[in-house]
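In what follows, a single structure is set out as structure tokens and then discussed.
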Amino acid sequence: MERPFGKLRMEGNEVEELPYLPSEEDSSKPESETPISDMLDKLCPYYMMIGVSYDEFWHGDYTHLKYYVEKYKLETERRNHELWLQGLYNYDALTTVISNALAKKGATPKKYPEKPYRLTEKTEEEKEEEKKNMVENFRAQLMALDRRFSQKHSKEQGG
Amino acid sequence: MQNSNKTRIEFDYGGKHYKLEYTAATLKKMERSGVKLAKLDDMIFSAPEILFRGAFYANHPTENPATIHEIFKALKRTADDEEPKYDEDGNEVDELVTALGSMIEEAVNEWKGRSGNSGWKVTR
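Those protein sequence lines, which keep their order, are chains Z and G.
152 is the number that numbering that gives the first Met the number 0 gives to position 153 of the first sequence; each next residue is one higher, with no gaps.
76 is the number that numbering that gives the first Met the number 0 gives to position 77 of the second sequence; each next residue is one higher, with no gaps.
This is the structure we're talking about:
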């Protein structure tokens with residue numbers, strides 16, 4: 000029997016299926032002889048878990064159920080992504096502390112990211128702003144270099 | 000606006016509009032009253048009127064059983080007046096009863112998460 004919720008729970012490296020309808024091996028009766036009401040009684044709590052109301056399950060349009068299943072899959076995917084991101088921040092925090100603790104004297108300390116990681120794509124304005132900042136920074140660096148060069152040159156001429 | 004692919008049977012009878020469909024609650028009610036839906040194929044041949052009556056529970060729960068019987072006979076008669084249709088094995092196909100069977104099958108497939116919707120709608 001196909002199971003709508005798929006594999007969900009991680010334990011170690013193994014993925015386990017959430018308990019669902021008893022498989023045909025678990026049941027003494029073959030699928031074709033199992034009363035539909037038994038199947039519905041078992042399915043109801045699982046559909047409620049993914050957000051279907053009791054009334055909608057028993058009295059509503061069953062063709063809407065697949066959207067709840069899709070929504071649940073997306074939510075699980077999102078939650079998984081959030082946990083992964085949290086792991087990444089924890090990794091950053093840990094490596095910052097450890098590398099600073101073990102760093103040689105005078106070494107530039109490693110910093111924890113000042114801003115959260117960006118999760119959405121940059122807008123056109125932001126891209127334009129970033130380009131402008133890059134050009135300005137480059138210009139400032141050139142000017143500083145030029146200043147240093149002029150100072151050094153005038154010192155050499157004066158001395 | 001109704002946004003659904005659910006198969007229903009709609010018709011007018013005696014100046015009233017009927018919309019027949021199954022829900023989880025109505026199928027459970029049918030089984031509680033002794034209908035063996037797990038043996039749907041047998042039911043279609045042995046007791047099609049019981050399946051028809053069950054399709055009234057969702058939207059017309061108080062409909063008089065005598066009226067339902069009358070409607071069933073009338074719909075069957077209408078179907079009988081039309082050119083008979085046969086399946087691959089040469090058996091005569093009863094469109095009304097086939098539609099009821101398909102509606103139950105469709106519902107079970109949807110609950111089990113299978114894409115079992117036939118995408119058609121029976122309207123009389």
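Note that CB positions come from ideal geometry on N, CA and C, so glycine has one too.
- When secondary structure is reduced to three states using DSSP, K5/G falls in the coil class, being assigned neither helix nor strand.
- Inter-residue distance for Y46/Z and V107/G is about 14 Å (C-alpha atoms, whole angstroms).
- Closer than 9 Å to the CB of G59/Z there is at least one CB belonging to chain G.
- When only Cα atoms are considered, K126/Z and M142/Z end up about 24 Å apart.
- Taking a 10 Å sphere around the C-beta of M133/Z, we find fewer than 16 other C-beta atoms and assign the residue as exposed.
- For H16/G, the enclosing beta strand (DSSP E) has its first and last residue at 15–19.
- For E135/Z, the enclosing alpha helix (DSSP H) stretches over residues 123–157.
- Against chain G, the beta carbon of P112/Z has no neighbour under 9 Å; the closest one sits roughly 41 Å away.
- Within the DSSP secondary-structure output, Y12/G pairs in a beta bridge with K15/G.
- Measuring C-alpha to C-alpha distances from R7/G to each of E104/G, R113/G, G112/G, A37/G identifies E104/G as the nearest.
- Per DSSP, the unbroken alpha helix (DSSP H) holding R52/G starts and ends at 47–53.
- Contact of E32/Z with chain G by beta-carbon distance below 8 Å involves A37, K38.
- Per DSSP, the unbroken alpha helix (DSSP H) holding L42/Z starts and ends at 35–48.
- The C-beta of S3/G comes closer than 9 Å to at least one C-beta of chain Z.
- Under the Cβ criterion of 9 Å, I103/G is counted among the residues facing chain Z.
- Here Y67/Z carries a helix assignment [DSSP, helix/strand/coil].
- Under the 8 Å Cβ criterion, the segment 18–28 of chain G does not count as touching the segment 65–77 of chain G, having fewer than three qualifying pairs.
- Take P112/Z, set aside five residues on each side of it, and the residues of its chain with a beta-carbon closer than 7 Å to its own are D91, in chain order.
- Spatial neighbours of D93/G in its own chain (CB-CB distance under 6 Å, excluding positions within 5 residues in sequence) are not present.
- For T25/G, the enclosing alpha helix (DSSP H) begins and ends at 23–31.
- Ranked by Cα distance from A37/G, the options P34/Z, S149/Z, M38/Z are led by P34/Z.
- DSSP, reduced to helix, strand and coil, places N58/G outside both helices and strands of the structure shown, so it counts as coil.
- Judged by DSSP in its simplified three-state form, A65/G adopts helix.
- When secondary structure is reduced to three states using DSSP, A106/Z falls in the coil class, being assigned neither helix nor strand.
- Contact of M48/Z with chain G is not assigned, every C-beta pair being separated by 9 Å or more.
- Counting only Cβ-Cβ distances below 8 Å, L39/Z has contacts in chain G at A23, L26, K27, W110, in chain order.
- Shown in chain order are the members of the segment 57–86 of chain Z whose Cβ falls below 8 Å from a Cβ of chain G: W57, H58, G59, D60, Y61, T62, H63, L64, K65, V68.
- The C-alpha of R117/Z is placed about 30 Å away from the C-alpha of G50/Z.
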